[in-house]
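In my numbering, the protein residues as written are 1 to 467. Cβ coordinates follow ideal geometry from the N, Cα and C atoms, glycine included.
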């Protein structure tokens with residue numbers, strides 16, 4: 001089945017990372033927690049949430065991850081196995097059977113080993129360059145299954161009071177998420193973000209159990225951002241290069257053979273694009289007709305020449321371009337400008353990104369239809385940043401909760417009236433770079449951040465201390 005990276009990413013992440021075209025705001029998530037007081041450990045980094053350097057081994061992790069599925073193929077790829085997952089996933093922590101602590105058996109031992117290997121080669125670059133947006137990514141969905149299994153095991157270990165083992169399982173989960181961040185597609189990186197969020201429930205439950213260690217400094221030790229997205233975004237900048245190959249070379253003047261190649265490729269590519277702004281049943285014929293009309297429009301063709309020369313293309317080469325190439329290269333360049341106007345903010349600190357970036361406006365109806373088609377298959381930055389900010393904010397909130405656990409341990413089980421009373425360097429909300437919203441009433445506190453946009457799920461923690 002042919003898959004557009006962005007569309008499949010959105011489908012695979014379900015409600016967590018809603019489509020950029022969704023109109024309905026995502027409702028807030030209220031999470032009640034009765035936390036247990038706990039002081040930070042000594043030494044401070046007695047516990048960490050990613051595999052430590054002394055745990056790492058040399059090697060490519062992909063083979064060990066794939067071995068995980070070979071060990072328990074029935075569990076991961078059968079209806080009976082899915083029922084087994086659902087049975088454990090829907091159970092409350094206290095209702096989990098003892099077997100949950102060893103869920104997945106040998107297959108998850110392989111995952112533990114893989115997450116502690118120093119690199120991973122997803123073997124996707126050659127396929128991406130060959131198949132473009134039709135590249136199949138079966139490994140991405142399979143990795144989500146491993147994350148689900150690890151979550152069950154971590155919760156089972158917490159329920160059995162096997163806290164060091166639970167921390168090791170969570171380290172595997174986050175190590176896997178970081179390996180997904182090395183996938184050369186945004187869909188792979190988005191799944192890495194989703195996998196990091198899968199670890200949140202056991203981390204929340206960890207704060208509610210007696211004698212669990214305080215993980216404040218473990219959160220502080222995590223890399224920021226946890227999921228970087230650089231590999232995927234950098235790769236997908238070249239999506240159209242993968243599709244059109246040497247047709248993208250501005251030094252190559254098209255002959256009749258290349259003109260036919262370009263037209264054939266467009267007829268194949270355009271029907272694959274299907275989003276709210278580019279419905280193939282309506283727009284494909286209109287776009288092909290728009291292209292052929294532009295070939296006859298001398299004023300438009302002269303405008304193409306001027307724009308391309310202004311962008312730095314060789315005037316002598318541009319003068320030799322046939323009309324088909326003029327229109328194609330002009331539309332490609334307009335797309336590249338749009339694309340980089342999104343991406344240029346991607347590496348800024350979160351709060352600075354939020355301040356500067358806004359969703360680029362679409363083009364006027366009937367204008368530059370081929371560029372609009374290319375944009376319809378791209379548009380990655382909003383869902384990417386939504387996912388990255390969700391991970392960053394959620395883990396920062398968990399770190400604040402660990403700070404509150406320490407405060408309660410030092411103040412007879414009481415919560416502070418303000419976050420400024422906590423004698424630890426609490427993280428700010430990554431969206432605003434200001435302290436999180438915190439309010440204490442009658443011994444119960446609410447803790448929340450700020451929404452990035454209407455498709456960003458706001459998490460509101462409702463906290464009290466277990467006595």
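Subject >> Rounded C-alpha distance that separates residue 399 from residue 375 >> reply: For this step, residue 399 is matched to residue 399 along the chain shown. For this step, residue 375 is matched to residue 375 along the chain shown. If you take the alpha carbons of residue 399 and residue 375, they lie about 38 Å apart.
Original post:
By a C-beta neighbour count over all protein chains shown, 10 Å radius and 16 as the cutoff for buried, is residue 121 buried or exposed?
Top reply: Here residue 121 corresponds to residue number 121 of the chain shown, with the count starting at 1. It is exposed - the Cβ of residue 121 has fewer than 16 other Cβ atoms within 10 Å.
Subject >> For residue 177 and residue 196, believed in contact at Cβ under 8 Å, the rounded distance >> reply: The count along the chain shown starts at 1 and reaches residue 196 at position 196. The count along the chain shown starts at 1 and reaches residue 177 at position 177. Contact holds; Cβ gap of about 4 Å.
Original post:
Excluding the five sequence neighbours on either side, which residues of its own chain have a C-beta within less than 7 Å of the C-beta of residue 47, listed in chain order?
Top reply: On the chain shown, position 47 is the one that residue 47 refers to. Shown here for residue 47: same chain residues with a beta carbon closer than 7 Å to its own, the five before and five after excluded, namely 41, 167, 213, 215, 218 in chain order.
Original post:
Within this structure, are the beta carbons of residue 240 and residue 332 separated by less than 8 Å?
Top reply: Counted from its first residue, the chain shown places residue 240 at position 240. Counted from its first residue, the chain shown places residue 332 at position 332. A distance below 8 Å separates the beta carbons of residue 240 and residue 332.
Original post:
Taking residue 429 as the reference, which of 415, 411, 413, 460 has the closest Cα?
Top reply: Stepping through the chain shown from its first residue, residue 429 is reached at position 429. Sorting 415, 411, 413, 460 by C-alpha distance to the C-alpha of residue 429 places 460 at the top.
Subject >> Through-space distance from residue 244 to residue 373, alpha-carbon basis >> reply: As a working note, residue 373 is residue 373 in the chain shown. As a working note, residue 244 is residue 244 in the chain shown. Rounded to the nearest angstrom, the two C-alpha atoms are 14 Å apart.
**OP:** Compute the Euclidean distance between the alpha carbons of residue 173 and residue 147, then round it to the nearest angstrom.
**Re:** Taking the first residue of the chain shown as 1, we reach residue 173 at position 173. Taking the first residue of the chain shown as 1, we reach residue 147 at position 147. Their backbone Cα atoms lie some 6 Å apart in a straight line.
Original post:
Apart from the five residues just before and just after residue 85, which ones in its own chain have a Cβ nearer than 7 Å to its Cβ?
Top reply: For this step, residue 85 is matched to residue 85 along the chain shown. Cβ neighbours of residue 85 beyond the five flanking positions: 148.
Original post:
Which of helix, strand or coil does DSSP assign to residue 445?
Top reply: Taking the chain shown and counting its residues from 1, one reaches residue 445 at position 445. Correct three-state label for residue 445: strand.
**OP:** Compute the beta-carbon to beta-carbon distance between residue 135 and residue 153, rounded to the nearest angstrom, for a pair I have assumed lies under 8 Å.
**Re:** Working through the chain shown from its first residue, we reach residue 135 at position 135. Working through the chain shown from its first residue, we reach residue 153 at position 153. Actually they do not touch by this definition, with Cβ atoms about 32 Å apart.
**OP:** Below 8 Å CB to CB, which residues in the same chain sit around residue 356 once its five sequence neighbours on both sides are set aside?
**Re:** Numbered from its first residue, the chain shown carries residue 356 at position 356. Correct list, in chain order: 345, 348.
Subject >> Exposure label - residue 184; buried when at least 16 CB within 10 Å >> reply: By 1-based counting over the chain shown, the position of residue 184 is 184. Buried, because 16 or more other Cβ atoms sit within 10 Å of the Cβ of residue 184.
Subject >> Cβ neighbour criterion (16 or more within 10 Å) applied to residue 130 >> reply: For the purposes of this step, residue 130 is taken as residue 130 along the chain shown, with counting starting at 1. Residue 130 is exposed by the Cβ-count criterion.
Original post:
In three-state terms, what does DSSP make of residue 36?
Top reply: Residue mapping note: residue 36 aligns to position 36 of the chain shown, counting from 1. Coil, per DSSP.
**OP:** Give a yes or no on whether the C-beta atoms belonging to residue 516 and residue 116 are separated by under 8 Å.
**Re:** Residue coverage of the chain in this structure runs from 1 to 467, which leaves residue 516 outside it and unanswerable.
**OP:** Take residue 446 and list the residues in its own chain whose beta-carbon comes closer than 8 Å to its own, dropping the five residues that flank it on each side.
**Re:** If you number the chain shown from 1, residue 446 lands on position 446. So the list reads 437, 438, 439, 460, 461, 462, 463, once near-sequence residues are dropped.
**OP:** Decide yes or no for the touch test of the segment 245–260 against the segment 302–322: beta carbon pairs closer than 8 Å, at least 3 of them.
**Re:** The segment 245–260 vs the segment 302–322: in contact.
Original post:
Going along the chain, which residues of its own chain have a beta-carbon closer than 7 Å to the beta-carbon of residue 101, five neighbours each way excluded?
Top reply: Position 101 of the chain shown, counted from the start, is the residue given in the question as residue 101. Around residue 101: 153, 156, 157, 160, 162.
Original post:
Which one or two residues does DSSP pair with residue 434 in a beta bridge?
Top reply: For this step, residue 434 is matched to residue 434 along the chain shown. Per DSSP, 429.
Original post:
When burial is assigned at 16 or more other CB atoms within 10 Å of the CB, is residue 337 buried or exposed?
Top reply: The sequence position of residue 337 within the chain shown is 337, counting from 1. Label assigned to residue 337: exposed.
Original post:
Under the three-state reduction of DSSP, which class applies to residue 183: helix, strand or coil?
Top reply: For this step, residue 183 is matched to residue 183 along the chain shown. In the structure shown, residue 183 sits in coil (DSSP, three-state: anything other than H, G, I, E or B).
**OP:** Using the Cα positions of residue 294 and residue 329, report the straight-line distance between them to the nearest angstrom.
**Re:** Residue 294 sits at position 294 when you count from the first residue of the chain shown. Residue 329 sits at position 329 when you count from the first residue of the chain shown. One C-alpha to the other measures close to 13 Å.
**OP:** Compare the beta carbon distance of residue 193 and residue 354 with 8 Å and say whether it is the shorter of the two.
**Re:** Stepping through the chain shown from its first residue, residue 193 is reached at position 193. Stepping through the chain shown from its first residue, residue 354 is reached at position 354. Cβ atoms of residue 193 and residue 354: not closer than 8 Å.
Subject >> Reduced DSSP category for residue 226 - H, G, I as helix; E, B as strand; rest coil >> reply: One-based indexing of the chain shown puts residue 226 at position 226. In the structure shown, residue 226 sits in coil (DSSP, three-state: anything other than H, G, I, E or B).
**OP:** Could you check how far apart the C-beta atoms of residue 132 and residue 188 are, in whole angstroms? I think they sit under 8 Å.
**Re:** The sequence position of residue 132 within the chain shown is 132, counting from 1. The sequence position of residue 188 within the chain shown is 188, counting from 1. With a Cβ gap of about 16 Å, residue 132 and residue 188 do not count as contacting.
Subject >> Own chain, CB closer than 6 Å to residue 127, minus 5 neighbours either side, in chain order >> reply: By one-based count along the chain shown, residue 127 stands at place 127. Contacts found: 135.
Subject >> Check whether residue 70 and residue 114 have beta carbons under 8 Å apart >> reply: As a working note, residue 70 is residue 70 in the chain shown. As a working note, residue 114 is residue 114 in the chain shown. No, they are not a contact pair.
Subject >> Own chain, CB closer than 7 Å to residue 393, minus 5 neighbours either side, in chain order >> reply: Within the chain shown, the letter at position 393 stands for residue 393. Contacts found: 429, 430, 431, 449.
**OP:** Could you check the C-alpha separation between residue 236 and residue 186 for me, to the nearest Å?
**Re:** Counting from one through the chain shown, the residue named residue 236 turns up at place 236. Counting from one through the chain shown, the residue named residue 186 turns up at place 186. Taking the straight line joining both Cα atoms gives about 7 Å.
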